[in-house]
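**Q**
Protein chains: 2
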Amino acid sequence: MNTNVRVAVDAMGGDHAPGEIVKGALQALESQKNLTLIFIGQQKPLEAELKKYSYDAGRVQTVFAEEVIEMAEPPVAAIRKKKNSSIVKGLNMVKHGEADAFVSAGSTGAVLAGGQLIVGRLKGVERPPLAPLIPTSKGVSLLIDCGANVDARASHLVQFAQMGSVYMERVVGVKNPRVAIVNIGAEEEKGNALVKETIPLLKECKNIQFTGSIEARDIPYGAADVIVCEAFVGNVILKLFEGTSSMLLGQVKKTMLSSLRTKIAAVLLKPALKKTLKGFDASRYGGAPLLGLKGLVVKTHGSAKASEVRQSVIQCVNFSKQKINEKISQELSAGEAR
Amino acid sequence: MNTNVRVAVDAMGGDHAPGEIVKGALQALESQKNLTLIFIGQQKPLEAELKKYSYDAGRVQTVFAEEVIEMAEPPVAAIRKKKNSSIVKGLNMVKHGEADAFVSAGSTGAVLAGGQLIVGRLKGVERPPLAPLIPTSKGVSLLIDCGANVDARASHLVQFAQMGSVYMERVVGVKNPRVAIVNIGAEEEKGNALVKETIPLLKECKNIQFTGSIEARDIPYGAADVIVCEAFVGNVILKLFEGTSSMLLGQVKKTMLSSLRTKIAAVLLKPALKKTLKGFDASRYGGAPLLGLKGLVVKTHGSAKASEVRQSVIQCVNFSKQKINEKISQELSAGEAR
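Protein chains in written order, with our numbering: chain A, 1 to 338; chain S, 1001 to 1338.
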């Protein structure tokens, strides 16, 4: 059995490409023995970047792609037109089995559209959700879907619950994860039409531990391991969580610099506070996998630095080793067979 | 012209009723010359509470209501059944012109349902939205709708934008408020079906300053004054904002108590930090008005203490003085007439 995992990396995507991307991926290479990297990008900048490092060249390949999909381009059109871009090439390698996974910090829309159009869905998967891990006061929760399928249907949300459950158990290591659906109250009669339709279906699911509704205020406290929601709501949750955290911590920092007295306090508090806040750094957990595809596609933040890229590549290795896709196919067809 | 504002107060609603409710309302009475209070509640506890204070008895009335609507009761059924509850009595007083406004910290569902069923909508208003003020790093924004109308339509959202604009300008004092719609990206083609349908309608609105889409991460930074969204999304925003803030500040506090060193820092930092965080205390701004009714109904937090109740009553006085409902009727019919 070949346990070598081949991860294709979009060297051109994101605010800090190719520097931080190459750096992070090579860090992952050093720590993962069974990893092969395939960097995809424009020849000149990519080769220039790789020259800065010494690494096991036998485990690093390069594929050149001279086109770049810009963040503002309409995703589907970009995927169709720019065949020679790092995103299209990377996804094609996954499709043709030349890579096990593809990691990109580039255009989210293009990665999502391309994941579906090029790599394609696993048999039985209706919609592939984007599922980032978000930090909580208890550890980490999976938010599924956070942007891939707006206006989803109840049956999609049920599959998100099943796929998310597999991911949390196998990749993150949470036994028998608690699955909850985002709602505007804990009572059964609360919710919009979609949520009211989905709840009874989730209750019937024998292969997940469904714990009912979760109100948004309980999400930061880790009240569920898998947080199921429609993509519009999930995207709002992800971004508001980031925005509120950064705004508040910014205010705390500003206060610390406001006088001599508070500056002294800052010096005393800093080491402990840094340690606390490290737990809330989403980049520690790598990128968001697009689940349910015939292969793995991971979207990292556009602002991803080396540590997030490294973590995303390692995540791909775990995902492949744990055979998540086989498990997802199994669970979904078990759900159908009932 | 009678400028006296009569505010009916639900003395029985909320976690701290009747103590904090009576205390806060009487504080408002002291600061507002043209205010009359009508306390509604169970005779015994209400009279016992009122006895603790000295106040201008000529401006305080009591109405006894022996039934109490519990938080978990199905709202519509409760409104129909418990005619002798403080919520039903208060809303009826507004309906019959015996009070200008009603403030309650009781069951949100019952207040929303009763507001529509008993008080009724202003002519032309399709759906009355619940619109709390949320603190931002720049001041305060109006989140509209945060829970009254799930599965709303585009035309409802357009009215929310107009009503919210009037409220921010007249009650909060923001000139020419910036109105944005919550979306999952800044680009035009982004969004779910509802948002895509609503954006062109908002662009056509001549009586608001529509600035386009707002991503959730920009909400805490005050990137818009009036934040328009469907109630499910609004409720998630409100509660996640509260949950994330309290979780993070809890973590900061916990860190401050973790060692002698950090405890010293805490003592030095506390006064300045307290001042900073005071700006983010939502209760400073009073409760959330249910806009578009024939009269004013204000829902305060279930956990409201005296300061929030005081502020909510003062808010009712401003609302009435500024003739918000006349202005809303004007703006909506101006919108239609175009």
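From the three backbone atoms N, C-alpha and C, an ideal C-beta is built for every residue, glycine too.
Note that the structure is a prediction, hence the values are computed from the model and not measured.
#1: Taking Arg-1006/S as the reference, give the member of Phe-1160/S, Leu-1117/S and Leu-1035/S with the closest Cα.
#2: Taking only beta-carbon positions, decide if Gln-1322/S is within less than 8 Å of chain A.
#3: Using a C-beta to C-beta distance shorter than 8 Å, which residues of chain S count as neighbours of Pro-200/A?
#4: Find the residues of chain A that neighbour Pro-1177/S, judging by a C-beta separation of less than 8 Å, and give them in chain order.
#5: I need the straight-line Cα distance from Ile-1069/S to Ala-1011/S, nearest angstrom please.
#6: If you drop the 5 nearest sequence neighbours on each side, which residues of the same chain put their C-beta closer than 6 Å to that of Ser-1303/S?
#7: State the beta-bridge partners of Leu-133/A as determined by DSSP.
#8: DSSP three-state call for Ser-1258/S: helix, strand or coil?
#9: Does Gly-1090/S have its Cβ less than 8 Å from a Cβ in chain A?
#10: From the DSSP output, read off the bridge partner residues of Asp-10/A.
#11: Quick check on the DSSP output: the beta strand (DSSP E) that includes Asn-183/A runs from which residue to which?
#12: Round the Cβ separation of Asp-1225/S and Pro-1177/S to the nearest angstrom and send it over; I've been treating them as touching at under 8 Å.
#13: In chain S, which residues lie with their C-beta within 7 Å of the C-beta of Gly-147/A?
#14: Per the DSSP calculation, Gln-1209/S is bridged to which residue(s)?
#15: Identify whether Ser-1104/S lies in helix, strand or coil by the three-state DSSP scheme.
#16: Determine, using beta carbons only, whether Tyr-1285/S comes closer than 8 Å to chain A.
#17: Where Arg-1338/S and Gln-1159/S are concerned, what is the direct C-alpha to C-alpha distance, given to the nearest angstrom?
#18: Over what stretch of residues does the alpha helix (DSSP H) that includes Ala-57/A continue unbroken?
#19: Going by DSSP in three states, Ser-303/A sits in which element: helix, strand or coil?
#20: Do you know whose CA, among Ser-333/A, Lys-23/A and Leu-291/A, lies nearest Pro-128/A's CA?
#21: When you compare only the Cα positions, how much space is there between Gly-1019/S and Gly-1243/S?
#22: Less than 8 Å between the CB atoms is what I'm expecting for Gly-1090/S and Phe-1102/S, so what's the real figure, rounded?
#23: Could I get the ranges of all uninterrupted alpha helix (DSSP H) runs contained in the segment 1241-1294 of chain S, with 4 residues as the minimum, in chain order?
#24: Give the residues of chain A in contact with Asp-1151/S, contact being defined as C-beta atoms less than 8 Å apart.
#25: At 8 Å on the CB atoms, spell out the chain S contacts of Ala-340/A, in chain order.
#26: Hey, quick one: how far does the beta strand (DSSP E) through Val-88/A stretch, first residue to last?
#27: For Ile-1069/S, which of helix, strand or coil comes out of DSSP?
#28: Determine the extent of the beta strand (DSSP E) in which Ile-118/A is found, giving its start and end residues.
#29: Could you tell me the alpha carbon to alpha carbon distance between Thr-211/A and Ala-180/A, rounded to whole angstroms?
#30: Run down chain S in chain order and give the residues with a C-beta less than 8 Å from the C-beta of Asp-218/A.
#31: Give me whichever residues DSSP pairs with Leu-1296/S in a beta bridge.
#32: Roughly how many angstroms separate the alpha carbons of Gly-279/A and Gly-222/A, rounded to a whole number?
#33: I want to verify the contact list: residues of chain A whose CB lies under 7 Å from the CB of Gln-1251/S, in sequence order.
#34: Determine the chain A residues that contact Thr-1255/S at a beta-carbon separation under 9 Å, and present them in chain order.
#35: Spatial neighbours of Met-139/A within its chain, please: C-beta separation below 7 Å, excluding the five flanking residues on both sides.
#36: Are the segment 239-257 of chain A and the segment 1205-1220 of chain S in contact at 8 Å, needing three or more beta carbon pairs?
**A** Per the coordinate set shown:
#1: Comparing Cα-Cα distances from Arg-1006/S to each of Phe-1160/S, Leu-1117/S and Leu-1035/S, the minimum goes to Leu-1035/S.
#2: Not an interface residue.
#3: Result: empty, since nearest Cβ-Cβ is about 18 Å, beyond 8 Å.
#4: Going along chain A, no residue has its Cβ under 8 Å from Pro-1177/S, so there is no contact; the nearest lies around 20 Å.
#5: Near 12 Å, if we compare the C-alpha coordinates of Ala-1011/S and Ile-1069/S.
#6: Scanning its chain for C-beta atoms nearer than 6 Å, with the 5 sequence neighbours on each side dropped, one finds around Ser-1303/S the residues Asp-1015, in chain order.
#7: Paired residues: Leu-142/A.
#8: It is coil, neither helix nor strand.
#9: So no, Gly-1090/S is outside the interface.
#10: DSSP, once it has assigned bridges, lists Ile-40/A as partnering Asp-10/A.
#11: In this chain, the beta strand (DSSP E) harbouring Asn-183/A covers 178-183.
#12: Indeed, because the Cβ distance is near 4 Å, the residues count as touching under 8 Å.
#13: Residues of chain S passing the Cβ test: Ile-1184.
#14: DSSP, once it has assigned bridges, lists Arg-1178/S as partnering Gln-1209/S.
#15: DSSP places Ser-1104/S within a strand segment (E or B) once states are collapsed to three.
#16: Under the Cβ distance rule, Tyr-1285/S does not count among the residues neighbouring chain A, no pair being separated by less than 8 Å.
#17: Its pLDDT being 48, under 50, Arg-1338/S is placed unreliably by the model, and the measurement read from it follows with that caveat. About 14 Å.
#18: Taken as a continuous stretch (DSSP letters only), Ala-57/A belongs to no alpha helix (DSSP H), as it is neither H nor E.
#19: Note: Ser-303/A maps to coil in three-state DSSP.
#20: Restricting attention to Ser-333/A, Lys-23/A and Leu-291/A, the CA atom closest to the CA of Pro-128/A is found in Leu-291/A.
#21: The alpha-carbon of Gly-1019/S is positioned some 26 Å away from that of Gly-1243/S.
#22: Going by Cβ atoms, the distance from Gly-1090/S to Phe-1102/S rounds to 4 Å, so yes, they are a contact pair.
#23: Counting whole runs of 4 or more residues, the segment 1241-1294 of chain S contains the alpha helix (DSSP H) stretches 1260-1278.
#24: Correct list: Asn-192 and Ala-193.
#25: Chain A is shown only over 1 to 338; residue 340/A falls outside these bounds and no answer can be derived.
#26: From DSSP, Val-88/A is part of no beta strand (DSSP E) but of the alpha helix (DSSP H) over 86-95.
#27: Coil.
#28: Looking at the DSSP string, Ile-118/A is not in any beta strand (DSSP E), and its letter there is neither H nor E.
#29: Straight-line spacing of the CA atoms in Thr-211/A and Ala-180/A works out to 5 Å.
#30: Near Asp-218/A (Cβ distances below 8 Å), the residues of chain S are Gly-1243.
#31: By DSSP's assignment, Leu-1296/S forms a beta bridge with Ala-1101/S.
#32: Their backbone Cα atoms lie some 13 Å apart in a straight line.
#33: Residues of chain A passing the Cβ test: Ser-137 and Thr-276.
#34: Neighbours of Thr-1255/S on chain A, chain order: Leu-269, Ala-272, Leu-273, Lys-275, Thr-276 and Leu-277.
#35: Correcting the residue identity first, residue 139/A is Gly in this sequence and not Met. Within the same chain, Gly-139/A has close Cβ partners Gly-222.
#36: Contact holds between the segment 239-257 of chain A and the segment 1205-1220 of chain S, because three or more Cβ pairs, one in each stretch, are under 8 Å apart.
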